[in-house]
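Remarks on the structure that follows.
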Amino acid sequence: MPTINNPSATDWQSALSAFPSASFLQSWAWGEFQAELGNNVVRVLLQDGGKNVGLAQTYVVKSKFDSFLYCPRGPLAHSEAALGELLQMLKQVAREQKVTYLLIEPDIGTTSYNQTVYNAQKLTPRAGFIQPHNTSMVSLLADLTTIEAQVRTSTRQCIKGAAKKHVTIVSFDDTAHWQDFANLLQITAARQGFIPHHQRYLQKQFEFLAQNAMAKLYLALLDGQPVAGAVMVYFNQTATYLHAASSDAGRSVGAAQLLVMTTIADAKNNGMTQYDFWGIAPLNQPEHPWAGISTFKRGFGGTDVHYPGAFVYPVRKVSYTLLGLITLIRRNRAFKSFQRILFRKSIKP
2 MPTINNPSAT DWQSALSAFP SASFLQSWAW GEFQAELGNN VVRVLLQDGG KNVGLAQTYV
62 VKSKFDSFLY CPRGPLAHSE AALGELLQML KQVAREQKVT YLLIEPDIGT TSYNQTVYNA
122 QKLTPRAGFI QPHNTSMVSL LADLTTIEAQ VRTSTRQCIK GAAKKHVTIV SFDDTAHWQD
182 FANLLQITAA RQGFIPHHQR YLQKQFEFLA QNAMAKLYLA LLDGQPVAGA VMVYFNQTAT
242 YLHAASSDAG RSVGAAQLLV MTTIADAKNN GMTQYDFWGI APLNQPEHPW AGISTFKRGF
302 GGTDVHYPGA FVYPVRKVSY TLLGLITLIR RNRAFKSFQR ILFRKSIKP
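Numbered by my numbering, the letters in the sequence shown go through residues 2 to 350 in order.
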């Protein structure tokens with residue numbers, strides 16, 4: 002099958018439109034954002050008889066310990082043969098880029114033959130993953146009244162409480178109010194004890210997506226002050242609740258619940274067909290770090306969806322083995338606790 006390397010934005014979008022479930026992580030804009038960060042982006046478009054049959058957007062990620070070729074929520078293919086050829090191409094790209102390994106995290110819309118092809122191409126499952134392994138999806142195909150009826154009673158009460166407190170929701174497609182969200186994110190990180198992405202990274206990410214009409218910043222205001230916020234991403238008829246934060250005051254009045262319900266209504270009114278909460282904990286893991294926020298997200302009546310996971314192909318096998326040992330050390334509980342202590346001392350709520 003002929004392959005088009007470095008296709009145009011128009012050709013890429015045309016090929017991507019044939020995959021209704023394709024994630025924004027395979028969008029042209031996301032690739033341009035990665036290029037702006039300095040990551041080498043490689044796009045492969047596969048054709049057969051003049052028709053697009055598969056594609057994969059990848060980029061090289063480098064860290065202190067390793068480098069890998071990453072394909073988030075891909076590759077996307079219309080047939081078993083096309084998927085096999087795409088994976089062969091990606092392995093070759095990984096060798097050319099001289100990375101340690103190839104890492105792919107397939108989309109939800111995988112077909113029955115994908116696992117067979119991964120096995121044939123010697124890609125093996127990996128326990129660790131970058132993108133969320135589970136999410137909650139709310140279908141927006143029904144009318145808004147039906148969607149609202151699926152919301153948990155306690156969540157509806159929070160929404161009504163926020164309305165009574167005169168919480169208002171505003172949205173922006175520029176960074177004029179980005180610092181308000183950044184402040185809320187810092188408060189949330191301190192409260193929950195996690196290390197957020199660097200603020201400049203998040204702002205640049207939002208700028209790129211907003212410039213392509215793919216993102217909006219929502220803020221909930223109480224007495225004119227921001228108390229909750231969220232970055233929403235729109236792609237392929239899916240609205241994604243990508244980043245969110247709230248203050249203690251916002252939590253006490255149900256501001257986040259009202260904000261989410263507003264974004265759901267806006268997504269529905271703008272032609273989106275599903276709402277992705279972008280990451281939840283499995284139901285049988287109450288000790289999971291995301292357990293609390295997952296209870297919040299499930300309150301909107303969505304359906305749990307599980308991604309296939311992560312698959313890896315070692316390119317430099319010795320380096321990959323050494324990397325595994327380093328990863329075990331870094332995942333040690335004592336090391337992670339030390340990281341959290343340093344983080345808490347470095348920020349001011």
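Note that beta-carbon positions come from the ideal geometry of N, C-alpha and C, so glycine has one too.
- N-terminal and C-terminal residue of the alpha helix (DSSP H) that residue 119 is part of: Bounds of the alpha helix (DSSP H) holding residue 119 are 115-121.
- Query: When burial is assigned at 16 or more other CB atoms within 10 Å of the CB, is residue 195 buried or exposed?
  - Reply: Note on residue 195: under 16 other CB atoms within 10 angstroms of its CB, so exposed under the neighbour-count rule.
- Okay, do the stretch 150-159 and the stretch 205-216 touch, 3+ Cβ pairs below 8 Å being the bar? The stretch 150-159 makes no contact with the stretch 205-216; the number of CB pairs closer than 8 Å stays below 3.
- Item | Supposed close pair residue 176, residue 204 - CB separation, criterion 8 Å | The pair is a contact, with the Cβ atoms about 6 Å apart (cut-off 8 Å).
- Item | Straight-line Cα distance separating residue 188 from residue 37 | For residue 37 and residue 188, the distance between alpha carbons rounds to 28 Å.
- Just how far apart, CA to CA, sit residue 14 and residue 89? Roughly 23 Å between the two C-alpha positions.
- My understanding is that residue 139 touches residue 276, with C-beta atoms under 8 Å, so please give their C-beta distance in whole angstroms. Between residue 139 and residue 276 the beta-carbon gap is near 4 Å, inside 8 Å, which marks them as a contact.
- Query: CA-CA distance, residue 234 and residue 133?
  - Reply: Spanning the two alpha carbons is a distance of roughly 16 Å.
- Item | For residue 267, the three-state DSSP class (helix, strand or coil) | Here residue 267 sits in helix by DSSP.
- Backbone CA spacing between residue 320 and residue 100 [nearest angstrom]: Cα-Cα distance, rounded: 10 Å.
- Determine the DSSP secondary structure at residue 25, reduced to helix, strand or coil. Residue state, collapsed to three classes: helix.
- Reduced DSSP category for residue 196 - H, G, I as helix; E, B as strand; rest coil: Secondary structure at residue 196: coil, using DSSP grouped into helix, strand and coil.
- Is DSSP giving residue 32 helix, strand or coil here? Here residue 32 carries a helix assignment [DSSP, helix/strand/coil].
- Label residue 269 either buried or exposed according to how many other C-beta atoms from any shown protein chain fall within 10 Å of its C-beta, with 16 as the threshold for buried. With 16 or more Cβ atoms within 10 Å of its Cβ, residue 269 is classed as buried.
- Rounded to the nearest angstrom, how far is the Cβ of residue 185 from that of residue 197, given a contact under 8 Å? The C-beta separation of residue 185 from residue 197 comes to about 11 Å, leaving the pair out of contact by the 8 Å criterion.
- Message: Considering only DSSP beta bridges, list what residue 210 is partnered with.
- Response: Per DSSP, none; premise fails for residue 210.
- Task: Would you grab the beta carbon distance between residue 118 and residue 85 for me? Rounded to a whole angstrom, and I think it's under 8 Å.
- Result: Correct: roughly 5 Å between the Cβ atoms.
- Message: Between the stretch 281-296 and the stretch 254-265, can you find at least three pairs of beta-carbon atoms closer than 8 Å?
- Response: No: the two stretches stay apart, fewer than three of their Cβ pairs being nearer than 8 Å.
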